[in-house]
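Notes to accompany the following structure.
Number of protein chains: 2
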Amino acid sequence: MHPSLPESALDQIFRAARTHNGFAAEPVSDDTLRALHGLMKWGPTSANCSPARFVFIRSREAKEKLRPTLMPGNVDKTMAAPMTALIGRDLDFYQHLPRMFPHADAKSWFVGKEAFIAHTAMLNACLQAGYFIVAARALGLDCGPMSGFDAAMADAAFFAGTQIKSFMLVNLGHGEPSKLYPRGPRFDFDEVCRIE
Amino acid sequence: MHPSLPESALDQIFRAARTHNGFAAEPVSDDTLRALHGLMKWGPTSANCSPARFVFIRSREAKEKLRPTLMPGNVDKTMAAPMTALIGRDLDFYQHLPRMFPHADAKSWFVGKEAFIAHTAMLNACLQAGYFIVAARALGLDCGPMSGFDAAMADAAFFAGTQIKSFMLVNLGHGEPSKLYPRGPRFDFDEVCRIE
């Protein structure tokens with residue numbers, strides 16, 4: 013049985029963490045990206061299917077490939093961020109199940125079942141995106157997640173020739189508190205939860 | 013700028029955390045459930061839409077309502093777990109946007125757009141399910157997440173008369189290490205990530 017993490021840790025990963033719009037210029041290193049993946053990869057997925065795929069967009073050239081996919085309100089902050097992660101879901105995830113879930117013929121659950129493949133890829137890649145955001149914060153990074161971009165254009169620019177479908181962008185770096193917006197409200201427990 | 017959480021905290025929420033199949037009998041209190049929601053609710057969602065909805069299934073009567081929805085391999089462990097969270101996505105989430113995202117007419121982005129509503133609800137509720145799992149672990153709970161159940165039957169049993177659609181179950185409690193399965197492998201960084 014584990015104790016709760018200290019209050020300061022709960023603040024860092026949830027209660028005091030904010031969606032950032034501006035970041036310090038300091039780059040996000042390859043080592044930091046590897047540490048981030050090395051944490052988030054352990055989060056659970058259905059049959060260990062792990063369908064999330066990541067492009068870490070840092071160079072000027074790659075940022076310019078991303079630019080035309082962005083909604084107008086997201087352009088300036090994303091072009092200025094030291095790092096932007098593009099997250100996709102791989103609809104071919106089930107091809108890897110003989111390795112990822114060796115104790116059952118899990119691949120056969122999916123072959124030819126397009127709707128089930130699509131649902132499973134989306135569910136689990138979005139779970140993994142949640143792990144990604146918390147893992148980044150746990151490592152001391154700040155995040156600016158966005159779904160306002162043209163996913164089909166991003167797929168053509170970054171995932172051509174694959175079955176990977178983009179669904180989220182996350183700006184990464186060390187946030188500038190002066191550029192935060194006011195925090196939105198949250199639902200109370202009794203509005204969205206019940207105990208039976 | 014925040015430092016990384018201590019190694020022991022990274023272990024607890026990611027590296028050493030496991031999907032549990034057996035739990036101690038000790039109940040999960042209402043206070044613990046409120047603390048869990050009080051953390052996970054702060055995770056970011058698109059336009060703060062927060063579409064995840066939760067039923068915490070603890071009583072024998074509620075467990076019996078859940079039983080027929082479970083895949084055979086999930087019945088015994090779920091019926092025995094001290095608590096099972098049923099998580100759904102509310103397709104009516106956009107009705108709350110005037111309160112949740114007051115600085116724009118975000119509700120109008122969704123009205124009449126069924127595919128966009130469905131995509132946004134799924135993306136963000138699954139993100140929130142990821143936050144939920146990490147928040148539970150941060151509070152010292154162990155999780156046993158599952159997607160193997162009949163979601164339509166669970167909707168009829170627990171979300172009748174709403175637009176809430178179930179997509180995940182999470183057993184909660186203090187795990188019994190003796191009932192763990194061997195841990196599955198994970199993808200290496202270079203298999204699922206690239207830096208541009």
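Read top to bottom, the protein sequences are chains G and D.
Using my numbering, the first residue of the first sequence is number 13, and each one after it goes up by one.
Using my numbering, the first residue of the second sequence is number 13, and each one after it goes up by one.
Idealized CB from N, CA, C, for every residue including glycine.
Just so we're clear, the structure is a prediction, and the values are computed from it rather than from any experiment.
Count the other C-beta atoms from every protein chain shown that fall within 10 angstroms of the C-beta of residue i, then say buried if there are 16 or more, exposed otherwise.
i        : result
Asp167/D : buried
Pro194/G : exposed
Pro84/D  : exposed
Arg149/G : buried
Ser41/G  : exposed
His115/D : exposed
Phe179/G : buried
Ala169/D : buried
Met13/D  : exposed
Lys191/G : exposed
Gly156/D : buried
Pro39/G  : exposed
Pro56/G  : buried
Asp88/D  : exposed
Gly173/D : exposed
Arg27/D  : exposed
Arg206/D : exposed
Report the rounded CA-to-CA distance for residue i versus residue j, giving the unit in angstroms.
i        : j        : result
Ala47/D  : Asn136/G : 25 Å
Arg198/D : Ala37/D  : 31 Å
Gln24/G  : Gly152/G : 8 Å
Thr44/D  : Phe171/G : 42 Å
Lys125/D : Gln175/D : 15 Å
Glu76/G  : Arg70/G  : 10 Å
His186/G : Phe144/G : 16 Å
Arg65/D  : Met91/G  : 35 Å
Ala133/D : Met134/G : 11 Å
Glu19/D  : His108/D : 39 Å
Phe113/G : Gly142/D : 20 Å
Ala164/G : Pro80/G  : 11 Å
Ser58/G  : Ser120/D : 34 Å
Gly50/D  : Gly50/G  : 27 Å
Glu208/D : Gly196/D : 29 Å
Ser16/G  : Val146/D : 12 Å
Asn33/G  : Asp154/D : 34 Å
Ala97/D  : Ala29/D  : 18 Å
His131/G : Phe128/D : 15 Å
Tyr224/G : Asp200/G : Shown here, chain G extends from 13 to 208; a query on residue 224/G therefore has no answer.
Glu203/D : Val204/G : 38 Å
Taking the alpha helix (DSSP H) that residue i falls in, what are its first and last residues?
i        : result
Leu109/D : 109-112
Val87/G  : 84-92
Arg72/D  : 72-78
Asn33/G  : Unbroken run through Asn33/G: none, as it is neither H nor E.
Asp42/D  : 42-52
Cys138/D : 126-150
At what residues does the beta strand (DSSP E) containing residue i begin and finish?
i        : result
Pro157/D : 154-158
Ile25/D  : Where Ile25/D is concerned, there is no enclosing beta strand (DSSP E), given that its DSSP letter is neither H nor E.
Ala164/D : Where Ala164/D is concerned, there is no enclosing beta strand (DSSP E), although the alpha helix (DSSP H) it sits in stretches over 163-170.
Per DSSP, which one or two residues make a beta bridge with residue i?
i        : result
Cys205/G : Phe66/D
Val182/D : Ala97/D, Pro157/D
Asp102/D : Ile176/D
Gly187/G : Phe35/G
- Is the region 154-162 of chain G touching the region 84-103 of chain G, taking contact as three or more C-beta pairs under 8 Å? yes
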